[in-house]
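Protein chains: 6
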Amino acid sequence: MAGDRWLSELVRRALEEDLGPGDVTSTACLPADLSARARLEAREPGVLAGLAAAEEVFRQVNPAIAFRPRLRDGDTFAAGERLVDLAGPARDLLAAERTALNFLQRLCGIATLTRRYVEAVAGTGAVIVDTRKTTPGLRLLEKAAVRAGGGQNHRFGLYDGILIKDNHIVAAGGLRAAVKAARASAHHLLKIEVEVTRLADVEEALAAGADVLLLDNMPVAEMAEAVRRVGGRALVEASGGVNLETVAAIARCGVNFISVGRLTHSAPALDLSMELE
Amino acid sequence: MAGDRWLSELVRRALEEDLGPGDVTSTACLPADLSARARLEAREPGVLAGLAAAEEVFRQVNPAIAFRPRLRDGDTFAAGERLVDLAGPARDLLAAERTALNFLQRLCGIATLTRRYVEAVAGTGAVIVDTRKTTPGLRLLEKAAVRAGGGQNHRFGLYDGILIKDNHIVAAGGLRAAVKAARASAHHLLKIEVEVTRLADVEEALAAGADVLLLDNMPVAEMAEAVRRVGGRALVEASGGVNLETVAAIARCGVNFISVGRLTHSAPALDLSMELE
Amino acid sequence: MAGDRWLSELVRRALEEDLGPGDVTSTACLPADLSARARLEAREPGVLAGLAAAEEVFRQVNPAIAFRPRLRDGDTFAAGERLVDLAGPARDLLAAERTALNFLQRLCGIATLTRRYVEAVAGTGAVIVDTRKTTPGLRLLEKAAVRAGGGQNHRFGLYDGILIKDNHIVAAGGLRAAVKAARASAHHLLKIEVEVTRLADVEEALAAGADVLLLDNMPVAEMAEAVRRVGGRALVEASGGVNLETVAAIARCGVNFISVGRLTHSAPALDLSMELE
Amino acid sequence: MAGDRWLSELVRRALEEDLGPGDVTSTACLPADLSARARLEAREPGVLAGLAAAEEVFRQVNPAIAFRPRLRDGDTFAAGERLVDLAGPARDLLAAERTALNFLQRLCGIATLTRRYVEAVAGTGAVIVDTRKTTPGLRLLEKAAVRAGGGQNHRFGLYDGILIKDNHIVAAGGLRAAVKAARASAHHLLKIEVEVTRLADVEEALAAGADVLLLDNMPVAEMAEAVRRVGGRALVEASGGVNLETVAAIARCGVNFISVGRLTHSAPALDLSMELE
Amino acid sequence: MAGDRWLSELVRRALEEDLGPGDVTSTACLPADLSARARLEAREPGVLAGLAAAEEVFRQVNPAIAFRPRLRDGDTFAAGERLVDLAGPARDLLAAERTALNFLQRLCGIATLTRRYVEAVAGTGAVIVDTRKTTPGLRLLEKAAVRAGGGQNHRFGLYDGILIKDNHIVAAGGLRAAVKAARASAHHLLKIEVEVTRLADVEEALAAGADVLLLDNMPVAEMAEAVRRVGGRALVEASGGVNLETVAAIARCGVNFISVGRLTHSAPALDLSMELE
Amino acid sequence: MAGDRWLSELVRRALEEDLGPGDVTSTACLPADLSARARLEAREPGVLAGLAAAEEVFRQVNPAIAFRPRLRDGDTFAAGERLVDLAGPARDLLAAERTALNFLQRLCGIATLTRRYVEAVAGTGAVIVDTRKTTPGLRLLEKAAVRAGGGQNHRFGLYDGILIKDNHIVAAGGLRAAVKAARASAHHLLKIEVEVTRLADVEEALAAGADVLLLDNMPVAEMAEAVRRVGGRALVEASGGVNLETVAAIARCGVNFISVGRLTHSAPALDLSMELE
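Residue numbers (the numbering used here), protein chains in the order written: chain A, 977 to 1253; chain B, 977 to 1253; chain C, 977 to 1253; chain D, 977 to 1253; chain E, 977 to 1253; chain F, 977 to 1253.
Below you can see the structure in the form of structure tokens.
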């Protein structure tokens, strides 16, 4: 799959960055033929994501390393829980360690934070989705981590979804003209989402033929009113100022989707380690 | 410079990830010949880092875009402050926006957090340094952000510094043997750092010829005693469990360096935006 | 733009294929400092497409070559008409000639054939669209040539549009289940198109929530009936067995889109040449 | 072999173009663990070519897919004939389908058309050869398809054969000077071919030491006279205005080679399909 | 030109190898804005080659560096002579220095040695040619250095010339069968060279239709006899055991070409340096 | 390991250079299914290096080729000794032959020359080290060949070691300032080496805190005096004008390291061959 090739290239660069022409410490201190067992383990509780990336790191360093996960992406784990069993040449395990953990700690961090948002809106019907505010080069992995956490994905880039914002509306000469232009130019399998910042724009967006409305940075009460006015004629997404304190109230407005930038741009790394045995 | 080529390739991949075969919204809604002015601005105070990456993003989308920074990496800014002035085709500014911000928000986050650690140890002589716990693929940028924040860099990878940890010591048959092996194998411009987790190991590490001692996860009082015993015969670095509450006390132990993983793995993104004018 | 980088890489490979370590004939026979003027000209009438690719070929061989088109993509031309004026080192013009023509002859062929289909359905409201039956590696250029000919594009790949075919329906356990699965998994800016091969399926597809129906290889009378039954509740696309004899009748059935594979897989090359002056 | 690496890279790009970040339809509708059998089959009669490319497509999508051809490149097949048996994960078969067919339909089209030219000159001693008028990026595959059809290849690019055309002759100061320059500059394992457009030039080209004469766009009677004048002192190739109506008469002039551009630039795609079973 | 792209890629890798993430010494010790002048100069006499590679090194490090050669490839120089004037940022001159010199010292070494062989056979009519015994990755540059030294090139690889050796003859079932097979398979602009190790084979090779005979490791007297027997019916190349002591005698046998492996595999580096001014 | 990927890429380019679109001779003359055995053998005595590169060449041409070395890197061999046994398709063995030998002949040449220097200083305590004067693109292989010959490596590039030369000292405003700047900027695991060309500078370099002194082009007597003055307070390296005649005398001065450029820039190729059996 294309994704596999992309991951393989990403991991290749990450390893080059850390290994350069070689690991001078392990080459010096460890016999070439020394085998070892090791485990990846959690130092705090969380949700697992990124197994494929970690596995690819070990595979590229040495395909002979055995990588046996005890859980799957999306599973929860406790502090101290063993996530993956490893066996192979000690030099290679140590060469891969930091790069594998750098992937896992970030992706588990994202999945764990996403799970908290998902749980906060449980029962409301609102779906937690991500944004394009991802780490440059890691978007596919971070979006998979959001799914592992129980969220859903928004569009993957500027190429597979139409989202008309204020800048586009002004440049196109009005909301109606912008939607019409999008309809004429984009292929017929793409829906059209329009950003709406005032209640007054809701009706115009619907009349223009928008399939989805994005309520951006709107007060909760206003959002509820917007949802009422839409009345099922389009999907509704909320964004802006979403955090764990506010998300439940936003969800109760009846929006279909809540997009949360901090899932990917500010999730703290989860504390993981590799231990030789 | 090699770094320039590396940055160019990194930005190229980040843009491909977001643009794919093209920005369907802007292509539809904006006239091809529409020019615009824009600004990158801060929504919260911080320390600037990542200008070169942001500039490269705009340059790759269209070399004709004017990119005029008002500050330099390492400068502080206030909420609402204008960081960069931009001018160019509106389509191209919008195509570059998200990718440029994704770089900047992360790197400013790192620089801003680093600055807080640096200020916390001011006057102690201790130097705040980073670790290898960086985002896969972004290490050089994140290490530059640490410098922008006032910290210094540790080794860049496994290839340009020797750090002997417990695993190496066990595998080599003891601390003395490990240091000797490293001395015999690595080239003569590399120093040797040895991880020490107990006071009892300090003297052995010095006797073995270690140039630097890494005190890992040691209680503060024990660290102070370790520094006293070393007595200037080697450099001393502290790591493990360092946060903004503990860092000053660690610094006052007299260690030379304090390495802080969360500078790069858990700094929250700084809130930045691009506004068309 | 990402497309620019993609084109640059495509042209680079095309030139390598033809030039290898160098043009042995021109290097031997032409003085290095010989300048020349040349023209690209048409030997038969048609519609222009592919200018950007041809320009990139000459630019990569030597950025000092002047490339001055007399027409734009989408313009028609007569037999014998001059399309582009060129000037530069004779060796470089000849090194670029074949590769530039190989791009142009194919893309003009596609645009010219598309124009004939577009003219055949003029006045019916039906839109001619392309398919994924493109030359491996040239899809973006061939889709641009379809636009130059007056057609519109269908989805660009498997990643930016949902098209549920019989195989998917069977595997998912029925049409309704397939649409539901697609709705649950894909992001909310993608519409869902369902292939329908019998009239009996039209109502089920609509009930399942399909946004677009693909009538594949249906007799014209049946297509007309299908359009009537849909009654505007979804978009309708026709495909299969479309040629210049049948396309007008299909269009008159009232379908919104007619997709034509042969636009890209079987358009004969247009006869073009480069002449030194 | 270098050719293998080139094919692998070509297929990689073709798959990326179609799959991007993933096949949204199959991922949604098909269970990850669903296996299937399928066949590639012909909808019209023809000559097989491109098996290696098709196999590489399936292999890259998933090396576990079984790809079992029933024929070999160069074999003829009837309408409805089964060409390849396939088995593997259903998602992966569908992800590979279009890209594999895009290669095969084009290459079989070339082989089938070539076979018709070869049959048209049977018994004359003339050899059908291809030109450099190939699809950018696919030259090696298209030249292999010509061989599968029974034709032979001309030079592969500007680097492995010397062909002196009018432009070279003028620039070099005459035919004799051009041949002499080529002899002095190119390595000693390359022959020299010279384009001859008038009978009057035949003797001069021979005197200059040309190894091969290219009779370009010459009337058939003139060609026959040229062959008579050469009298075996050089090889003779005909080109220009060759089609299925004219090729036999040209062959009967006694030329050694007839080069046909449309073999590769205008062969219509052969109609093939993949059916799940 | 394809060669330009190849050189650019080769230089990029050479610089990455030396610079990695950066030049730690110059970054530390030299102010970023310090400009300097410098010269490349010879410490021993020789023949210049490799200017384009050296220029590309400086250009990639910083396009603003002025690179002004005082001589051209193929020119001779004395010990102490200034070859190139340079001006630019001091950090960048030093970053490029070693890589530029590594190219130049090797290529000047090859040109200088070639010149000695060419002078040794002056007046005999024999041409000194190179072999495929070149440094992996540097073949095009080394073959250009041979031309700078006054030699000519043999084929560039296995793809642009036919050379039938003993292994091929045995496998093909005899010399005649091997030549016939080559004639039937290779395109019609390639000559056929056959290795001949005994006088007895000369007549058979000619009868089989060989265009060129390679006399490998033959005693000088035997070579002279072989040339006599060939009598101008084919070109003759000598190889094996050629050095500066034997080359003149071989040339006087009347062979057309003498191929010398050590031109490229064993030429000692010429002593060059860069001096800041 | 990163090194493995680097080697794989290097070999890929070397094979492309030689094979291009294919080996026209073997394809024509050898049946596709002909198997053969072969041996790599030495025509002169030496020290083995480069086995991994040679193996990678054969592996890339065809992974089914059996490659069985009889010796290991660092072993000595006699003239006529068999180094590697090979078995596989005859076409593939011949396609790989030249590229594999081009690696081996150069790397064995380096190992063999290094061994002579190492033997020349046996018993003195001085260590023979290499320099950055390596073939562009081959540095890691050539440094491994130096180790195979019994030498040690100096820094791998400008990024993993600090060496302050005259240019740096002048630009930094004196030796003391240069060392201080290096200490402040580089990470704390790098030592600082300073070039010293006069006895008068020895004390200043030590006072500035240099860890290593490089005595460049100093007369032997002066070197001995420098070593005496250093008195163990720093490591001492000698360079400049080192050859097999002078190296023993230099070693007896008591320096710790002697760096020899010609190990890598001027070692003549060792004469090796591949013979089919």
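By construction, the Cβ of each residue, glycine as well, lies at the ideal position given by its N, Cα and C atoms.
If you drop the 5 nearest sequence neighbours on each side, which residues of the same chain put their C-beta closer than 8 Å to that of VAL1033 (chain A)? The residues are VAL987, ALA990, LEU991, ALA1072, THR1075, ALA1076 and PHE1079.
Answer yes or no: does any C-beta atom of chain A fall closer than 8 Å to that of PRO1244 (chain C)? Not closer than 8 Å to any Cβ of chain A, the Cβ of PRO1244 (chain C) fails to qualify, so no.
Can you pull the chain D residues whose beta carbon is under 9 Å from the beta carbon of HIS1144 (chain E), in chain order? Here the premise fails: no neighbours, minimum Cβ distance about 15 Å.
Which residues in chain F have a C-beta closer than 9 Å to the C-beta of PHE1132 (chain D)? List them in chain order. What PHE1132 (chain D) touches in chain F: GLY996, PRO997 and GLY998.
Whole runs of the beta strand (DSSP E) within the region 1043–1089 of chain B, excluding any shorter than 3 residues: For secondary structure counted as the beta strand (DSSP E) over 3 or more consecutive residues, the region 1043–1089 of chain B holds these complete runs in sequence order: 1058–1065.
Could you confirm whether any beta carbon from chain E is found closer than 8 Å to the beta carbon of LEU1166 (chain B)? No, no contact with chain E.
For ILE1234 (chain F), name the three-state secondary structure that DSSP assigns. Secondary structure of ILE1234 (chain F) (DSSP, three-state): strand.
Please tell me whether TYR1135 (chain A) and PRO997 (chain B) are closer than 8 Å, where the distance is taken between their beta carbons. TYR1135 (chain A) is a Cβ neighbour of PRO997 (chain B), given a cutoff of 8 Å.
Are the C-beta atoms of ARG1204 (chain B) and some chain A residue less than 8 Å apart? Not flagged as an interface residue toward chain A: ARG1204 (chain B), since no C-beta distance is shorter than 8 Å.
Could you have a look at ILE1138 (chain D) and say whether DSSP puts it in helix, strand or coil? ILE1138 (chain D): strand per DSSP, three-state reduction.
Secondary structure of MET977 (chain A), DSSP reduced to three states: For MET977 (chain A), the pLDDT reaches just 46, beneath the cut-off of 50, and the residue's location in the model is therefore unreliable, leaving the point undetermined.
Are THR1111 (chain B) and VAL1023 (chain B) touching if we call contact CB-CB under 8 Å? Contact: no.
Contact set for ARG1238 (chain D): own chain, Cβ-Cβ below 6 Å, skip 5 residues either direction: Close CB contacts of ARG1238 (chain D) within its chain, under the 6 Å cut and outside five residues either way in sequence, are absent.
When the Cα atoms are used, what is the spatial distance from LEU1083 (chain C) to ARG1019 (chain C)? Distance from the CA atom of LEU1083 (chain C) to the CA atom of ARG1019 (chain C), rounded to whole angstroms, is 15 Å.
Could you tell me how far apart the beta carbons of VAL1178 (chain B) and LEU1151 (chain B) are, in whole angstroms, since I believe they sit closer than 8 Å? No, VAL1178 (chain B) and LEU1151 (chain B) are not in contact; Cβ-Cβ is about 11 Å, not under 8 Å.
Can you check whether the C-beta of SER984 (chain E) is within less than 8 Å of a C-beta belonging to chain F? Not an interface residue.
Can you check whether the CB of ASP1187 (chain E) is closer than 8 Å to the CB of ALA1210 (chain E)? In contact: ALA1210 (chain E) and ASP1187 (chain E) (Cβ atoms closer than 8 Å).
From A:ALA1147, A:GLY1125, A:ASP1068 and A:ALA1121, residue whose alpha carbon lies closest to that of THR1001 (chain A): Answer by Cα proximity: A:ASP1068.
Could you tell me which of F:PRO1007, F:HIS1163, F:ALA1225 and F:VAL1146 sits nearest to VAL1172 (chain F), measuring between CA atoms? The residue with the shortest Cα to Cα distance from VAL1172 (chain F) is F:VAL1146.
Exposed or buried, what is LEU1190 (chain C) when buried is set at 16 or more other beta-carbons lying within 10 Å of its beta-carbon? Classification of LEU1190 (chain C): buried, given that the 10 Å Cβ count is 16 or more.
Using a Cβ cut-off of 9 Å, which residues of the region 1182–1206 of chain C contact any Cβ in chain A, in chain order? For the region 1182–1206 of chain C, the set of residues with a beta-carbon nearer than 9 Å to any beta-carbon of chain A comprises ASP1187 and VAL1188, in chain order.
Output the boundary residues of the beta strand (DSSP E) element that contains SER1215 (chain E). Its beta strand (DSSP E) spans residues 1211–1215.
List the residues that DSSP assigns as beta-bridge partners of VAL1122 (chain B). DSSP, once it has assigned bridges, lists no residue as partnering VAL1122 (chain B).
Counting only the same chain and skipping the five closest in sequence on each side, list residues whose C-beta sits under 6 Å from that of LEU1165 (chain F). So the list is empty, once near-sequence residues are dropped.
Is the region 1197–1205 of chain C touching the region 1221–1236 of chain C in the sense that three or more CB pairs, one from each, lie closer than 8 Å? Yes, they touch.
Taking only three categories from DSSP, how would you classify LEU1016 (chain E)? Strand, per DSSP.
Proximal chain C residues relative to LEU1211 (chain A), where beta-carbon distance stays under 7 Å: Chain order gives the chain C residues near LEU1211 (chain A) as HIS1164, where near means a beta carbon separation below 7 Å.
Given that ARG1074 (chain E) touches chain B, what residues does it touch there, using C-beta distances under 8 Å? In chain B, no part has a C-beta under 8 Å from the C-beta of ARG1074 (chain E); the shortest such distance is about 13 Å.
Neighbour-count burial assignment, PRO1065 (chain F), 16 or more Cβ in a 10 Å radius: It counts as buried.
Would a C-beta distance cut-off of 8 Å place ALA1014 (chain F) and GLU1213 (chain F) closer than the cut-off? At least 8 Å separates the beta-carbon of ALA1014 (chain F) from that of GLU1213 (chain F).
Report, in whole angstroms, the separation of the C-beta atoms of ARG1046 (chain B) and ASP1061 (chain B), which I expect to be a contact under 8 Å. Yes, they are in contact, since the Cβ atoms of ARG1046 (chain B) and ASP1061 (chain B) sit about 7 Å apart, within 8 Å.
From what residue to what residue does the beta strand (DSSP E) around ASP1009 (chain E) run? No beta strand (DSSP E) contains ASP1009 (chain E), which DSSP labels as neither H nor E.
DSSP-derived helix/strand/coil call for ILE1226 (chain E): Three-state DSSP puts ILE1226 (chain E) in a helix.
Who are the neighbours of ILE1140 (chain B) on chain F, taking C-beta pairs under 7 Å? The contacting residues do not exist; ILE1140 (chain B) stays about 11 Å from chain F at best.
Is it buried or exposed for ALA1245 (chain E), if we count other Cβ within 10 angstroms and need 16 for buried? Here ALA1245 (chain E) is buried, its C-beta having at least 16 other C-beta atoms within 10 Å.
Tell me, please, which residues DSSP counts as bridged to ASP1192 (chain D). Bridge partners of ASP1192 (chain D): D:SER1215.
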